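Accompanying notes for the structure given below.
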Amino acid sequence: MDCVLEGNAVKAFGKAIHSLSRIGDELCLDPMNKGLALRSVNSAHSAYACFLFSPMFFTKYCLGPDQGSEKVQCKLLMKSILPLFRCLASIGRNVEQCQIQVNTPNDRVKIQFFCRHGITKTHNLCYQDSEALQAVFASHLCPNVLKAPARLLGDMVMHFPVYQEEITLSITPLRVSLRNYFEGANDHMNIMYTEMSLHPDEFDYFLIGVESDITFCLKELRGLLSFAESHCLPVSIHFGAAGKPVCFSVDDMILEATVVLSTLVNSESRGPSQLAETAPRCADVVSESPGEADCRTAVPAAMEMIASSQGSPITHLPALLLLPTCTEPPHYQEEAHTTPASTLCSLLFRALSSETGEGLPVLVCCSEEEESEEEDVMRSPTL
Amino acid sequence: MPLSTQSQGEDEQYVLVASLDHARNLSNILKAITFKDHAIFNATPNGLKVTVEDSKCLQANAFIQSKIFQEFTIKEDMVGFQVNLTVLLDCLNIFGGSTTPGVSTALRMCYKGYGYPLTLFLEEGGVVTVCKINTQEPEEPVDFEFCSTNVTNKVILQSESLKEAFSELDMTSEVLQITMSPSQPYFRLSTFGNSGNAHYDYPKDSDMMELFKCTKTQTNRYKMSLLKPSTKALALSCKVSVRTDSRGFLSLQYLVRNDDGQICFVEYYCCPDEDVAED
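Top to bottom, those sequences are chains A and B.
According to the UniProt record's numbering, the first sequence is numbered sequentially starting from 1.
According to the UniProt record's numbering, the second sequence is numbered sequentially starting from 1.
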């Protein structure tokens, strides 16, 4: 792949990388016919982000001759690529053009900055080949949809301290509210509770199918909100009941960004004591377990992010509806090696190894029936 | 001013007296070479030269000409001593280095000669502090034998363009490689770190390039740990000259303008890295 960005596009690209760095430690560069996707997943597989830049975003966008038959996806360490785009202000001032080449003869990702005064900065970064990890999210199946200017969400979120890990979003026909979330609420005296509510009229779009309270990781979302604000793009939120993932997305003509976060199954911590004690925090790193490892490596071949045209999630709808019954402790106890957090993880990406489909319903499912040529080659090897 | 009310008699004992209305004109430039505790001071009628060395591979010199000082009296051809530079800087900043306009620390630096301490009289807002810093026998600075006749390549760049490059340098790289050539890439800084390599290229016709005189293609590597301190001098400077000689020794010369617009120089000499591993 060989692409060129100019002017403000370089800054936007850098901003996207900043946002992705809030999610995971690795960045996956996925050049596709419909554009360049940058993806990141957190280590617990409870947060996923994807920025898709259409070919129009670039001054030049060429996929190499081998792109059709063999997908080249590069996994880079975030700490390798983030420093290149660290100071966005300086990039805005100095960088005239940025060229990114993948599959150069020396197996590196080559990122070149052509700066003012004729100065050229060339970075050859090592990468690992990898299958892209894509989350599939059936946003068209979500009962609740909100759309608001980024500014509105930014203003709401600003009331929470930077260290606030998780927040709860509640929706009723009369209001939408955000409040901070603390697990185990033992220390009532030392916590400041913040809650704010908005009237549905504040939103550009408000659709409520089911009243719900969802708790998710705020930290991982801040990157997208910051990106949306800098581009003045409205943010769409698709969600359902607690336990199902929430999807935040922005898009304009030339780029789309999505963040999918898992939500706590019992957001009020009033569920079974087991869950309350070990209530998974989205940002936690989950301990290694066989199930967990599989979950990470057995990446489902993916559908597109906005799956409405693909159709296959419908076949799994019954699985989604089964979810409430699976919150009972016995199911978790059976999974001797998995913690509730890893269960949450498995819910997000179906591990191909667990073909039997036992116990764990899949919320975000892969489509094994997809025929399109793109998805075919993105299938992970069977384990 | 209290500093000038010293008796005439006392003054005659000093072999070196140097006064500055603004002590920061000295302390700022000394900060640019403070990577080791000890500094060798060498005063001549031309001015003050302060030298700091690291393991015989790196040497930094700061030159403050006599005309920078409000008073510069020297009774011998050369006066030399060694002091703890960190202590000296602490003393120069003893009033806290406030930047309130109109308020500054005045300095009178006096030295009686071999065996005597370096005496500093510092005054700010009517308060006088006297500091006496022990001196040591000055070591002989290493002579890098860097002479202009041996220089193979020389460029002068505006510091602004290099400052950004140096602040972005991949610190996981053990070396900084400098390539200078009459042909492409002309002037290149390269690093080889954990994530991969990086190259910063400055073409000879860049408007940041004030002078470009390269006679032959040379690539040399220098230990990053040795060159890192030079970024302080780079930060203060407005222009930098980069020269290499036939042995690959590096000379970096920085033009520093102090708060009063006067010019001082800082230079760094560095040996090339001996264990050169091929890429």
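Ideal placement from N, C-alpha and C gives every residue a C-beta, glycine not left out.
None of these values were measured; they are calculated from a predicted model.
Asked: Pick from Asp21(B), Gln59(B) and Arg24(B) that is closest to Phe35(B), judged by C-alpha positions; Found: Gln59(B)
Asked: Where Ile68(B) sits in the DSSP three-state scheme; Found: helix
Asked: Per-residue DSSP class, three states only, for Tyr55(A); Found: Correcting the residue identity first, residue 55(A) is Pro in this sequence and not Tyr. Three-state DSSP puts Pro55(A) in a helix.
Asked: Under 8 Å from the C-beta of Ala198(B): neighbouring residues of chain A; Found: Lys121, Thr122, His123 and Asn124
Asked: Asn194(B) versus Leu224(A) - alpha carbon distance; Found: 29 Å
Asked: Endpoints, beta strand (DSSP E) assigned at Leu252(B); Found: Leu250 to Arg257
Asked: Same chain, Cβ closer than 6 Å to Val109(A), five either side skipped, listed in chain order; Found: Cys74, Val102, Leu125 and Tyr127
Asked: Beta-carbon gap between Val246(A) and Val260(A) smaller than 9 Å; Found: yes
Asked: Classification of Thr100(B) by the beta-carbon crowding that lies within 10 angstroms, buried from 16 upward; Found: exposed
Asked: Beta-carbon proximity check, Val17(B) vs Thr105(B), cutoff 9 Å; Found: no
Asked: Same chain only: Cβ atoms within 7 Å of Asp245(B), ignoring 5 sequence neighbours per side; Found: Phe146, Asn150, Val151 and Thr152
Asked: Neighbour-count burial assignment, Ser183(B), 16 or more Cβ in a 10 Å radius; Found: exposed
Asked: Those residues which DSSP pairs with Leu178(A) across a bridge; Found: Leu169(A) and Met196(A)
Asked: Residue span of the alpha helix (DSSP H) that contains Ala16(A), given as start and end; Found: Asn8 to Ser21
Asked: Member of Asp259(B), Glu160(B) and His199(B) whose CA lies at the smallest distance from the CA of Ala235(B); Found: Glu160(B)
Asked: Residue span of the alpha helix (DSSP H) that contains Leu152(A), given as start and end; Found: Ala150 to Val157
Asked: Gly14(A) at chain B interface by Cβ criterion, 9 Å; Found: no
Asked: Beta-carbon proximity list for Pro318(A), same chain, < 8 Å, skipping 5 on both sides; Found: With a pLDDT of 28 at Pro318(A), under the threshold of 50, the modelled position of that residue is not reliable, and no figure is offered here.
Asked: Opposing strand residues paired with Phe239(A) [DSSP bridges]; Found: Asn144(A)
Asked: Cβ distance (whole Å) where Ser19(B) is taken to contact Leu162(B) below 8 Å; Found: Not confirmed; about 34 Å, so no contact.
Asked: Cβ-Cβ separation, Pro138(B) to Phe81(B) (assumed contact under 8 Å), whole Å; Found: 6 Å
Asked: Cut-off 6 Å between Cβ atoms - residues of its own chain near Ser69(A), not counting five sequence neighbours on either side; Found: Its pLDDT being 40, under 50, Ser69(A) is placed unreliably by the model, and nothing is read from it.
Asked: Contacts that residue 291(B) makes with chain A (C-beta to C-beta distance below 9 Å); Found: Here chain B covers residues 1 to 279 and nothing more, so residue 291(B) does not appear.
Asked: Below-9 Å beta-carbon distance, Arg175(A) vs any chain B residue; Found: no
Asked: Leu63(A) versus Asn33(A): straight-line alpha-carbon distance, rounded; Found: 7 Å
Asked: Bounding residues of the alpha helix (DSSP H) (the contiguous stretch that carries Asp90(B)); Found: Leu85 to Leu92
Asked: Cβ neighbours of Pro200(A) in the same chain (closer than 6 Å, five flanking residues each side left out); Found: Phe206
Asked: Within chain B, the residues that Ser40(A) reaches when beta carbons sit closer than 7 Å; Found: Result: empty, since nearest Cβ-Cβ is about 16 Å, beyond 7 Å.
Asked: Within 9 Å, strictly: CB atoms of Ile40(B) and Val266(B); Found: no
Asked: Where Asp205(B) meets chain A, residues with beta-carbon distance less than 8 Å; Found: Gly118
Asked: Residue of Val157(A), Met192(A), Ser197(A) and Val176(A) minimising C-alpha distance to Glu220(A); Found: Val157(A)
Asked: 9 Å Cβ cutoff, Ile17(A) in contact with chain B; Found: no
Asked: contact_flag[the region 41–51 of chain A, the region 14–30 of chain A] where n(CB pairs < 8 Å) is 3 or more; Found: yes
Asked: Partner residues on chain B for Leu77(A), Cβ-Cβ distance less than 7 Å; Found: Ser195
Asked: Chain A contact residues for Met224(B), given Cβ-Cβ distances below 7 Å; Found: Chain A residues near Met224(B): none, gap ~15 Å exceeds 7 Å.
Asked: Beta bridge counterpart(s) of Asn150(B) as assigned by DSSP; Found: Looking at the DSSP assignment, Asn150(B) forms no beta bridge with any residue, so it has no partner.
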